[in-house]
Structure formats: C-alpha cells, structure tokens
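Input: a single structure, listed below in structure tokens.
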Amino acid sequence: MKFVVRVAGRESNVDIVQHNGLYEVELNGKKYTVDARNFGFTDLFSLLVDGHSFLIDSAPVRPERGEYYARVLGRHYEVDVLDELLLAARDAEKVHEHTGAYVLRAPMPGLVVHVQAEAGKHVKAGDALVIMEAMKMRNELLAEVAGVVESVAVVVGDKVDSQAPLVTITRE
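To convert, count from 1 in the sequence shown and add 21; that's my numbering.
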C-alpha cells in the first residue's frame, strides 16, 4: 500500500508490503524490514526496524482525515497518514490551509509542565513549543509550520482538554 506521511511539516512517501509475517517498508526510496506487534487491544506497538527496537504509543485523533498521534522515545508527534483518496482531499484544502494562522492544539487531556513558546518569537517546523504530561508520560509538542508565535494560550500548571488551543503561529 502506498501512503504519504506528514510529520512536523515534513512529507515522506511510504510503500508498505507484507511479506512472510514481516513488513517491507520503503521510505523515500530507502528499504527497511519491520516486525510490528501490538500489545493486545492497546495502541502500544513494538517495532523491530532492521534490528533496532522501538516502542510506539499511537492512537487516532481523526482517522477519517488520516490524523493520528504517536509518542516515540518520549516525544509526541502529530502524524498524517494519507492514502491516495485522503491525499487528494487534503491537497484540495491546501488553499485554505496556508492562508490562516496555525494553531497547535492539545492532542489529549493533560497538564502543561513547560512552555517554550513566547509571543513574538520566530519558530521553525519541528521546534518544541509545549511539554504536556498525560497518563504519567511527558509529551513534547512541536511546531508543524515555521512562523512567528502570535499568542500562547497556556501557562505551566494549566490543565487542558483534548483539542484545546495552546499556541498560535502566524505562518511565514
């Protein structure tokens, strides 16, 4: 299956083929052998990628739009996984997507433990903006776009709901 995966403002082409109980994954032209297992009915996965082990906590945010979150090595990522149909639909929305401010939202309910973003500060895609704690795990929330921080809606100690606005960035 062919997908386009977007993480922290970066887009990658991914082709996945299941073969002999393993997955052959081609990511931007480079091939990997992946053994993937999940733990029962949870969103916790163990991946063995070319001999390197990774524990990944992942869950859908809006699966009908291809939107998921993943936590790897203590870092939180918003991930878009788009097949051909979703890619066409999302690309059709791009005209509106790049015209307004970008709002970083809380991916889950949690406690704000650190705020790196400051109003007026220039950020680039992938910069850490906020660290939240949820279910005793710290999640580093990253900018998906480059621009200038317009406003910060939270302070350390705030408890926020899922999808609460945290930081607004005026795009470059």
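C-beta: ideal position from N, C-alpha, C; glycine also.
Query: CA-to-CA distance, Q39 to V170, given in whole angstroms; Result: 43 Å
Query: Segment contact, 8 Å Cβ cut-off, at least three pairs: the stretch 143 to 151 with the stretch 166 to 182; Result: yes
Query: Pairwise C-alpha distance: L107 and V35; Result: 14 Å
Query: Spatial distance of R126 from M156 (CA atoms); Result: 18 Å
Query: Buried versus exposed call for E154 [16 or more other C-beta atoms within 10 Å across all chains shown]; Result: exposed
Query: Residues bridged to A109 (per DSSP); Result: The partner list for A109 (beta bridge, DSSP) is empty, contrary to what the question assumes.
Query: Span separating the alpha-carbon of G121 from that of T191; Result: 7 Å
Query: Closest residue to H97 among P186, L69, Y89 (Cα-Cα distance); Result: Y89
Query: Presumed contact (8 Å Cβ cut-off) between T54 and L43, rounded CB distance; Result: 6 Å
Query: Same chain only: Cβ atoms within 8 Å of D64, ignoring 5 sequence neighbours per side; Result: D78, S79, A80
Query: Length of the line joining the Cα atoms of F66 and G87; Result: 18 Å
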